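Just so you know, we're using our numbering here: the sequence shown kicks off at 3 and counts up by one. Worksheet for the structure shown next.
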Amino acid sequence: MTDTPHFPQIERLIQVCNAVRVGIDDFESLARSSGNSVLFFAGDPARYPESIDMAVILPEIAEAFPGNFRIMLVGEDAEKPLQAKFGFSVWPALVFLRDGDYVGVMTGAYNWDDCLREVDGLLQAPTSRPPGIGLPIIVEAPTAVEVK
């Protein structure tokens, strides 16, 4: 597994929140065994500076909902395949799972009150099918064949 970029704020999640790094090879087993989990997609924090903000805020979110979820840092090798699986297009992203099943996603930056409301709602929401990535599905009607 390739690690996420090493930024102190992101590394702090491992120390403060007991976050675990997850790669494409161990994602399924870790997600299925974690109850409620939050996948943190930081991307490249140099490219997405809000990722640093999210890494600072995430321990505060965990503290506001003690024991309600496990934080998983998505490794570089897993970001693109899991991003496609969960159908989001904005970084940073927090994907909420329950026993490995999709619950919902938060992308970009939030103010504190909105963030807490959104997390609370996601922790109570049922699991669902992940959204698509916005590609339209076009079904063409079969061509009629004339029989003589």
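Note that the Cβ used here is the ideal one computed from N, Cα and C, for glycine as well. Being a predicted model, the structure only gives us computed values, none of them experimental.
Collapsed DSSP secondary structure at residue i in the structure displayed
| i | result |
| --- | --- |
| residue 58 | helix |
| residue 26 | coil |
| residue 44 | coil |
| residue 72 | strand |
| residue 31 | helix |
| residue 130 | coil |
Opening and closing residue of the alpha helix (DSSP H) in which residue i lies
| i | result |
| --- | --- |
| residue 116 | 114-126 |
| residue 14 | 10-19 |
Assigned exposure category for residue i - 16 Cβ within 10 Å defines buried
| i | result |
| --- | --- |
| residue 47 | buried |
| residue 63 | buried |
| residue 18 | exposed |
| residue 128 | exposed |
| residue 94 | buried |
| residue 36 | buried |
Residue i, enclosing beta strand (DSSP E) - first and last residue
| i | result |
| --- | --- |
| residue 86 | Per DSSP, residue 86 belongs to no beta strand (DSSP E); it is in the alpha helix (DSSP H), 78-88. |
| residue 95 | 95-100 |
| residue 50 | Note, residue 50: premise wrong, no beta strand (DSSP E); not H, not E. |
| residue 106 | 103-109 |
Min CB distance residue i to chain B below 8 angstroms
| i | result |
| --- | --- |
| residue 63 | Among the chains in the structure shown there is no chain B, since it carries only a single protein chain. |
The region 74-83 contacting the region 108-121, beta-carbon criterion three pairs below 8 angstroms: no
Contact the region 85-97 vs the region 8-26: 3+ CB pairs below 8 angstroms: no
Sufficient close CB pairs (3 or more, under 8 angstroms) joining the region 65-78 to the region 29-48: yes
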